Amino acid sequence: MIRFRANELKIRFSSLKSLFFISFLILSFQTHLSSSSYVNSNAPIISAHKAKQISWKPRAFVYEGFLTDKECDHLISLAKSELKRSAVADNESGKSKLSEVRTSSGMFIPKAKDPIIDGIEEKIATWTFLPKENGEDIQVLRYEHGEKYDPHYDYFVDKVNIARGGHRLATILMYLTDVVKGGETVFPNAEGSPRARSTSAEEDLSECAKKGIAVKPKRGDALLFFSLHPNATPDPNSLHAGCPVIEGEKWSATKWIHVDSFDKIVGAGGNCTDQNESCERWAALGECTKNPEYMVGTPDLPGFCRRSCKQFELPFFFKYTLIILLDMHMRRRVKWHPICGLAPWLGKNLPH
Numbered sequence: 002m003i004r005f006r007a008n009e010l011k012i013r014f015s016s017l018k019s020l021f022f023i024s025f026l027i028l029s030f031q032t033h034l035s036s037s038s039y040v041n042s043n044a045p046i047i048s049a050h051k052a053k054q055i056s057w058k059p060r061a062f063v064y065e066g067f068l069t070d071k072e073c074d075h076l077i078s079l080a081k082s083e084l085k086r087s088a089v090a091d092n093e094s095g096k097s098k099l100s101e102v103r104t105s106s107g108m109f110i111p112k113a114k115d116p117i118i119d120g121i122e123e124k125i126a127t128w129t130f131l132p133k134e135n136g137e138d139i140q141v142l143r144y145e146h147g148e149k150y151d152p153h154y155d156y157f158v159d160k161v162n163i164a165r166g167g168h169r170l171a172t173i174l175m176y177l178t179d180v181v182k183g184g185e186t187v188f189p190n191a192e193g194s195p196r197a198r199s200t201s202a203e204e205d206l207s208e209c210a211k212k213g214i215a216v217k218p219k220r221g222d223a224l225l226f227f228s229l230h231p232n233a234t235p236d237p238n239s240l241h242a243g244c245p246v247i248e249g250e251k252w253s254a255t256k257w258i259h260v261d262s263f264d265k266i267v268g269a270g271g272n273c274t275d276q277n278e279s280c281e282r283w284a285a286l287g288e289c290t291k292n293p294e295y296m297v298g299t300p301d302l303p304g305f306c307r308r309s310c311k312q313f314e315l316p317f318f319f320k321y322t323l324i325i326l327l328d329m330h331m332r333r334r335v336k337w338h339p340i341c342g343l344a345p346w347l348g349k350n351l352p353h
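See the structure below:
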């Protein structure tokens with residue numbers, strides 16, 4: 002079982018906690034409606050009666066018939082000629098490496114690949130109430146006889162992977178084919194509740210799947226589970242595994258959703274940027290000190306409003322040079338152009 006230090010996994014986005022909680026409330030509300038739909042002018046229809054809760058620790062839901070046969074076939078056809086051996090993230094370096102822990106083959110499909118893929122992305126965003134840009138590209142996976150994915154977490158224990166989008170908040174597993182025997186997704190640490198319901202009879206499950214709450218692959222169904230608690234801390238109960246395929250072949254598609262935008266690209270200004278148009282207003286209201294984790298960030302992860310909070314960190318050499326320039330400016334009135342990094346030294350707003 003993976004060990005981790007709490008300070009390494011602490012989520013800096015305290016302002017997002019309420020968003021997570023609201024998402025959980027909405028999902029819970031959906032699962033207890035006998036029949037209703039969430040509809041807007043641009044989003045696909047999501048029928049609440051097709052989704053059911055299978056676990057509350059971790060929060061896990063199965064949506065029956067989430068993908069159409071056409072969508073399942075399309076994902077498989079795009080992936081077949083591009084499959085490569087699946088990798089895992091190294092706990093120390095964060096880099097991808099091959100491991101016997103995961104023996105499937107897979108590939109990623111870009112979000113803007115075609116209208117069908119875009120439609121699936123929209124459907125995911127509608128069901129989860131999480132921004133589309135927070136998700137990684139869809140990964141299509143093939144598991145042949147004996148192939149599996151040992152118990153693991155989807156949140157990260159290294160600092161490299163959380164630098165882009167933060168921790169993985171939620172995962173959606175979409176099953177593209179039926180599997181005769183094996184291939185279930187199992188949660189060994191899951192805690193059942195009176196409302197939790199299994200997706201298959203006990204006799205239909207493999208021995209691997211009987212070790213916890215399990216979901217048997219069914220073409221078109223989708224499993225959604227959260228790797229973080231509503232307070233944005235990692236949920237150890239989200240430990241899960243892909244059981245070995247005993248008979249048949251398993252095709253699935255995975256969507257990992259982060260706490261922040263996974264598509265966001267840091268501009269030329271490095272960390273000296275504002276990543277929200279409201280940063281300047283928030284800074285004026287004192288949010289830099291009231292909400293420092295989001296606004297300024299931590300030593301491991303920069304915040305969203307470092308420019309407005311005047312928190313650009315320069316190497317010692319540049320700091321020393323800037324002090325000299327500042328001294329020259331004060332003594333000789335040398336004209337120079339202020340940059341963001343000077344803000345901490347001046348202690349006032351600079352013209353942009």
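Here this note's numbering is used: the first residue of the sequence shown is 2, the next is one more, and so on.
For each residue, glycine too, the CB sits at the ideal point set by N, CA and C.
Computed from a predicted model, the values in this text were never measured in an experiment.
CA nearest to the CA of residue i, picked from the options
i	options	result
Asn238	Lys58, Asn135 and Gln54	Lys58
Lys105	Glu281, Gly287, Val246 and Leu225	The question names Lys, yet the displayed sequence has Ser at residue 105. Taking only the C-alpha atoms, the option nearest Ser105 is Val246.
Leu229	Trp252, Arg169, Asp264 and Ala254	Arg169
Phe67	Lys219, Met296, Ala284 and Val102	Lys219
Pro231	Ser56, Glu248, Gly166 and Arg60	Arg60
Glu281	Trp257, Tyr295 and Arg308	Arg308
Asp222	Gln54, Thr69 and Ala49	Thr69
Val181	Asp115, Asn162, Glu123 and Trp252	Trp252
Tyr144	Arg86, Met296 and Ile55	Arg86
Tyr154	Glu134, Leu131, Ser48 and Thr186	Thr186
Lys121	Val63, Ile46 and His146	The question names Lys, but residue 121 in the sequence shown is Ile. Considering only alpha carbons, the answer is Ile46.
Glu83	Glu101, Ala126 and Val141	Val141
Identity of the residues DSSP links to residue i by a beta bridge
i	result
His75	Its beta-bridge partners do not exist; DSSP assigns none.
Leu142	Gly107 and Ser253
Phe188	Ile214
Ala223	Tyr64 and Met175
Trp57	Arg60
His241	His153
Leu229	Pro235
Val246	His146 and Gly183
Ile258	Gly136 and Ala171
Span separating the alpha-carbon of residue i from that of residue j
i	j	result
Met108	Thr290	43 Å
Ile139	Glu192	28 Å
Pro111	Ala164	20 Å
Ile117	Cys306	36 Å
Gly287	Glu278	16 Å
Phe399	Pro293	Because residue 399 is not part of the residues shown, which for the chain are 2 to 353, the question remains open.
Leu34	Leu99	Unreliable placement is indicated for Leu34, whose pLDDT of 42 sits below 50; the coordinate value is still reported in the next sentence. The straight-line gap from Cα to Cα measures roughly 44 Å.
Val216	Gly243	10 Å
Leu240	Tyr150	12 Å
Glu250	Asp179	8 Å
Gln276	Lys256	24 Å
Glu137	Ala113	12 Å
Phe188	Ile55	11 Å
Ser36	Trp128	Because the pLDDT at Ser36 is just 41, under 50, the model does not fix this residue reliably, and the point stays unresolved.
Ala80	Cys73	11 Å
Ser78	Lys71	10 Å
Ala210	Ala284	51 Å
Arg103	Glu203	25 Å
Arg297	Val260	Position check: residue 297 holds Val in this sequence, whereas Arg was assumed. If you take the alpha carbons of Val297 and Val260, they lie about 17 Å apart.
Residue-chain proximity (residue i, chain D), Cβ-Cβ < 8 Å
i	result
Asp74	Absence of chain D from the displayed structure is noted, only one protein chain being present.
Check: residue i C-beta below 7 Å from any heavy atom of the ligand NAD
i	result
Lys114	The ligand NAD is not part of the structure shown, which contains no ligands of any sort.
| query | Hey, is the region 148-158 in contact with the region 216-236, meaning 3+ C-beta pairs nearer than 8 Å? | reply | Segments in contact, yes.
| At least three beta-carbon pairs within less than 8 Å, the region 220-228 to the region 166-180 | In short, these stretches touch, since the Cβ pair count reaches three.
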